[in-house]
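The letter at position 538 of the sequence shown is residue 538 when you use UniProt numbering, and the numbering goes up by one with no holes. C-beta atoms are modelled at their ideal positions from N, C-alpha and C, and glycine is treated no differently. If you're wondering where the values come from, they're calculated on a predicted model, not measured in any experiment. Please read the structure below before turning to the comments.
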Amino acid sequence: AMAPGKKITARIKRTLPVKGPQAPTLSELMRWYCLNTNTHGCRRIVVSRGRLRRFIWILLTLSAVGLILWQCAELLMNYYSASVSVTVQFQKLPFPAVTICNINPYKYNSMKDYLSELDKETKKALETFYGFSEGKSKVRRSVNEWNSTGSQFFKQIPLLKFEDFSKTATDLHTGQKRKIEGSVFHKDSSIVNSGDSNDIGFQLCDANNSSDCALYTFSSGVNAIQEWYKLHYMNIMAQIPLETKEKLSYSADDLLLTCFFDGLSCDKRHFTRFHHPLHGNCYTFNSGENGTILSTSTGGSEYGLQVVLYIDEADYNPFLVTSTGAKIIVHDQNEYPFIEDIGTEIETAAATSIGMHFTRSRKLSKPYSDCTETGDDIPVENLYNKSYSLQICLHSCFQKAMVDSCGCAQYAQPLPAGAEYCNYNRNPNWMYCYYRLHEKFVKEQLGCQQICKDACSFKEWALTTSIAQWPSTVSEDWMLRVLSWDKGQKINKKLNKTDLANLMVFYKDLNERFISENPANTLVILLSNFGGQLGLWMSCSVVCVIEIVEVFFIDSLSIVMRRQWQKAKKWWNDRKKDHSGKPPQAGDLERQGHDNPVCIDEDLPTFNTALRLPLPQDNPLPRTPPPNYSTLRLETAFTEQLPDTLEVGQH
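Written as structure tokens, this is what we have:
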């Protein structure tokens, strides 16, 4: 039979177990969790007998936990993925805006007064290097004659012909050789090559530091002369007022000969003019500025836009452009037409048919992709006053960097508020600054490519181009005569077919393709997949997950903090004793508490458990002494016995 004290102790342990969150150690907490959790693998680790079986269950449980984490990570990553859907529908489509520009921006006869000095320098360069001359004589001019003409800036930035690799070049302005010092050869740029014996280029130096120079070389003399010409050309055009440049370029009557849309006649009133810095006056059909956007109800070339353009090749600038024709771009009414970037060239003496397929695209923004809805979250000012696009952001970013670094704006892009275009007179260092900055932009060192993002929504017209000879040989004569007669008041000469271009822009079909991104998973599907993985590998539910969080984070942290607090408290008490300087008293040990190995923290105090308290090895604690039975003897304090006691004793 069990002793009464042992029975009481066993009953207390059964009713008040010190387990779970109140356990004094992490190992006891983990043991309690494994015995009480619904995840069967953890319980099998504790109750299994034998090391091999326990090791197998530990391995299986850890493998299941690893598979759960892997599968949940895959599910979470798939949650931020998108599926692409394509919808095709047949309907009446709005016709896009079509912008048309002459490849030659300004009439050369009108620009001669502004470009006369630059043209003279260019012709001198051609005569010096290649013996080219408009007259019969191809003899090179003398040095004195070279020095008699030319502006200050042509002398500072002349064309150079490099000889071998000795950093020696022939100055085209003076015809003399000079040593190039402090030059930097740019070999990794698309417009620059390393110096060679046949290379031609020019040198740009910092106006504040003549030893800091950049040498730009070209293996082709054509590219070198054109690049050098455009450099000075932009400087000249930046000083001409906008109103004057619009008059020097082509009018709508000059460019447009005939116009048809959707089988009906149209004229210049359906075109809107805007001035492009590099292409002069351009004209946009169906721009939507008056609030009306034309549409077409039938596909095919007969129901699109048909125009005949007058190119006037004889009035082209021979040094600025080397091709003949026009450039067009198809775009949305709210988009800026980047003719110089994505324009399509139209040949003369040919009929160019451009068939279109319309596609609308919609991408998901964060967290699915790094695109922007309106561009308002991009820290770059939109200088084009059109809807946001990646090209607008890149050009605006470069122009802002140009103004900040060089103090002026680049001529080919819109002006920021309070800025002015670069020119020699006010900004003598702008050429060097521009080329240096452009080199950084190409190498993605300005940060523009990192800041700018794609637009989430955009429209696209896929173009299919076909070309046919026009006009035909049999119809050439009468057609040119009729066109010359119709435009006789505006064209004072007989038309030539090389001055004409026939353009047709139309929908090949009226199928609108809508490409959209949709979330591959919703939150409900994600949670369902999580629950399936937990149930498959660990027989666990959401309540089980909450239990894991409570035990492994809250309770474990509580135990660790409790232990740390006890250590800190003990350290503080020891420190106080050390500072007091008093030796420990004998009574301190007697007043010091001792743990009862029989009782646990929450056992109720009982007499039997107190009796089982063992004595410490050293300094035994004082206990209640055993009764002194000799003191039980009655000793009277009186010398004589009282009478009443005698009577009692007698009885």
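Check                                                                                                                                                                                       : Outcome
What does DSSP give as the partner residue(s) for V330 in the beta ladder?                                                                                                                  : V98
Among C101, S539, W57, Y229, which one has its Cα closest to the Cα of E121?                                                                                                                : Y229
List the endpoints of the continuous alpha helix (DSSP H) containing W470.                                                                                                                  : W470 -> no alpha helix (DSSP H), and no H or E assigned at all.
Among F285, E347, W565, L60, which has the Cα closest to the Cα of W470?                                                                                                                    : E347
Of the choices C205, Y130, S116, whose alpha-carbon is the least far from that of P158?                                                                                                     : C205
Specify, as a first and last residue, the run of the beta strand (DSSP E) that G325 falls within.                                                                                           : Taken as a continuous stretch (DSSP letters only), G325 belongs to no beta strand (DSSP E), as it is neither H nor E.
Which word fits E335, buried or exposed, when buried means at least 16 other C-beta atoms lie within 10 angstroms of its C-beta?                                                            : buried
Once you ignore the five residues that flank A350 on each side, which residues in its own chain have a CB closer than 8 Å to its CB?                                                        : I467, A468, Q469, W470, A501, N502
Tell me, please, whether the stretch 47 to 57 touches the stretch 565 to 580 by the rule of three or more beta-carbon pairs shorter than 8 Å.                                               : no
Quick one: give me the first and last residue of the beta strand (DSSP E) that R513 is part of.                                                                                             : 511 to 519
Over what stretch of residues does the beta strand (DSSP E) that includes C205 continue unbroken?                                                                                           : 200 to 206
Could you check the C-alpha separation between N496 and S249 for me, to the nearest Å?                                                                                                      : 21 Å
Taking the C-alpha atoms as reference points, what is the distance between N290 and P367?                                                                                                   : 39 Å
Hey, out of K443, M402, S301, whose CA is closest to T465's CA?                                                                                                                             : S301
Name the one or two DSSP bridge partners that T372 has.                                                                                                                                     : A455
Report the three-state DSSP secondary structure of D574 (helix, strand or coil).                                                                                                            : helix
Less than 7 Å between C-beta atoms, sequence neighbours within five positions excluded: which residues of the same chain meet that for Q71?                                                 : Q533
So what does DSSP say about D212, is it helix, strand or coil?                                                                                                                              : strand
Taking 8 Å as the limit between beta carbons, can you name the residues of its chain near L446, skipping five residues before and five after?                                               : C397, F398, A401, L437, K440
Please go through the same chain and pick out, in chain order, the residues whose beta-carbon is closer than 6 Å to the beta-carbon of H280, but skip the five residues on each side of it. : Per the sequence presented here, residue 280 reads as Gly, with His not at that position. These residues qualify, in order along the chain: P105, Y106, S249.
For S265, count neighbouring Cβ atoms within 10 angstroms of its own Cβ and tell me buried if that reaches 16, exposed if not.                                                              : exposed
May I ask you to report which of helix, strand or coil DSSP gives Q566?                                                                                                                     : helix
Compare the beta carbon distance of G375 and Y507 with 7 Å and say whether it is the shorter of the two.                                                                                    : no
Find the nearest neighbour of I342 within the set Y283, F162, L463, judged by alpha-carbon distance.                                                                                        : L463
F129 lies in the beta strand (DSSP E); which residues open and close that run?                                                                                                              : First-last for F129: 108 to 130, but that is the alpha helix (DSSP H), not the beta strand (DSSP E).
What's the call for T149, buried or exposed, on a 16-neighbour Cβ count within 10 Å?                                                                                                        : For T149, the predicted structure reports a pLDDT of 36, less than 50, and the residue's modelled location is therefore unreliable. A value from the coordinates is still provided. Label assigned to T149: exposed.
With DSSP as the reference, label A314 as helix, strand or coil.                                                                                                                            : helix
To the nearest angstrom, report how far apart Y316 and V474 are at their CA atoms.                                                                                                          : 29 Å
Where in the stretch 217 to 292 do unbroken runs of the alpha helix (DSSP H), each at least 4 residues long, occur, reported from the N-terminal end onward?                                : 221 to 237, 242 to 248, 252 to 255
Look up Q306 in the DSSP assignment and say whether it is helix, strand or coil.                                                                                                            : strand
Based on the DSSP output, what are the partners of E345 in its beta bridges?                                                                                                                : K327
Which residues mark the beginning and the end of the alpha helix (DSSP H) in which F441 is found?                                                                                           : 430 to 442
Would the beta-carbon of V98 fall within 7 Å of that of F338?                                                                                                                               : no
Exposed or buried, Y130, counting other C-beta atoms within 10 Å across all chains shown (16 or more means buried)?                                                                         : exposed
In this structure, does DSSP put R362 in helix, strand or coil?                                                                                                                             : strand
Hey, I515 and S361 are a contact pair by Cβ (cut 8 Å); roughly how many whole angstroms apart?                                                                                              : 5 Å
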